[in-house]
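Taken in order, the sequence shown gives residues 338 to 665; the numbers are from this note's numbering.
Following: one structure in structure tokens, then a few remarks.
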Amino acid sequence: SNAKEHPKRSKSVDAARLRRRQQKDIQKNHLELNSLEEYGYHFENGKLVSIIDGKPFEFHVHSNNDDNRVRYNGIGRLVTNYIYDLLEEKECGLQRIKIPLDAKKSEPTGFFFASEDFDTAEYLMIIIHGSGVVRAGQWSRSLIINEDLAAGSQLDYIKQARINHYAVIVTNTNLNTDESSESILNIPQRIRGSGSAEEHACYIWEKFVRRCRARHICIMAHSYGGAVVLELASKYMSDFDKRVFAIALTDSPMRTYTKHFNKNVSAILKKKTINWIADHHTVNTILTVGDYGIIRSAGHLLHEWTSYTAFQCIFKFFEDERKKLSTT
338 SNAKEHPKRS KSVDAARLRR RQQKDIQKNH LELNSLEEYG YHFENGKLVS IIDGKPFEFH
398 VHSNNDDNRV RYNGIGRLVT NYIYDLLEEK ECGLQRIKIP LDAKKSEPTG FFFASEDFDT
458 AEYLMIIIHG SGVVRAGQWS RSLIINEDLA AGSQLDYIKQ ARINHYAVIV TNTNLNTDES
518 SESILNIPQR IRGSGSAEEH ACYIWEKFVR RCRARHICIM AHSYGGAVVL ELASKYMSDF
578 DKRVFAIALT DSPMRTYTKH FNKNVSAILK KKTINWIADH HTVNTILTVG DYGIIRSAGH
638 LLHEWTSYTA FQCIFKFFED ERKKLSTT
């Protein structure tokens, strides 16, 4: 009714609102660009550096911190896509597998990555990242942006796994909603079968791991990935126990996750698991034996560095456990 009485006012309010929105869009578009190059960066020798002077990433470029954050997140999204591409390129040679398998044309889909031999190989390694903004191929987005791919990505794990003759599955447990811009009204639509990290991993186990040939599976999981491992062990207990021969965790607070699980699960994990945690002791120092495996030092105090610093120890653990398989 107000509109009838004050047609002029309502129009001017609308116009002001529209102008504000347009300014916001201009600003947003200026901060969220379509390629790393448009931001003035590229990857060189695994490091994100300025195209102009080769200097490392600079966070503070706008006077307003919110703008810096929007820009950082925009760069983060492009880094995610860059790493997806690297997973599919020659060095890793993985394929992107769309899920759910029976997706209708109209529904959102997610994906994970796997080597071409994942359903025929004898040995399989499953890689699971933590929670938050990271996606397949990443341990820590901030390390990828501020340090390098070696420190923050899963690329070296994947390459080493291939050298050691493992087929590889790289999960994408944080891709739970449709992230394409076409998402209706920007209300994120859940991806069927991937509504949560646990659901995503269980879908992959159910539809792919269960029927693949691998008799011997090892798992590498960072942080919240430990909770995902617990869910897999709980839901597919006999299959999991029979086939999983080693589980490496990095800085995974398992105690907080184990509350909901029965004793059988911790009994299974205890004999297969080492958790390398953030700690000041030399890397691989045994700190204690927990309910769900041995706890060792990752040789670094910072959570996000643990997968990088424990890398060599983790692969030695996998190889030692694998040798035991051939002797039994």
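From the three backbone atoms N, C-alpha and C, an ideal C-beta is built for every residue, glycine too.
Per the C-alpha coordinates, the member of I465, W613, S443 and I388 positioned closest to V565 is I465. In the DSSP assignment, F577 falls within the alpha helix (DSSP H) that extends over M574 to R580. Per the DSSP secondary-structure output, L586 pairs in a beta bridge with A558 and N612. Inter-segment contact for the region 581-594 and the region 610-626 is present: three or more beta-carbon pairs are separated by less than 8 Å. Collapsing the DSSP output to three states places Q497 in a helix. Y409 and R433 have their C-alpha atoms roughly 26 Å apart.
Between H379 and I388 a beta carbon distance of about 5 Å is seen, short of the 8 Å cut, so the two are scored as contacting. In this structure, the alpha-carbon of G447 lies about 31 Å from that of S603. Ranked by Cα distance from S490, the options M462, V416 and F582 are led by V416. Within 10 angstroms of the beta-carbon of L567 lie 16 or more other beta-carbons, which makes it buried. It is roughly 29 Å from the alpha-carbon of A558 to the alpha-carbon of P393. A residue is called buried once 16 or more other Cβ atoms fall within 10 Å of its Cβ, and Q475 is buried on that count.
Burial is judged here by how many other beta carbons sit within 10 angstroms of a residue's own beta carbon; D485 has at least 16 and is buried.
The beta-carbon separation of T593 and Y629, rounded to 12 Å, does not stay under the 8 Å limit for a contact. Between P590 and R529, the CB-CB gap reaches or exceeds 8 Å.
Where Y409 is concerned, there is no enclosing beta strand (DSSP E), although the alpha helix (DSSP H) around it starts and stops at N402 to E425.
In its chain, beyond the 5 residues on either side, V470, R478 and I482 have a beta carbon closer than 8 Å to the beta carbon of G413.
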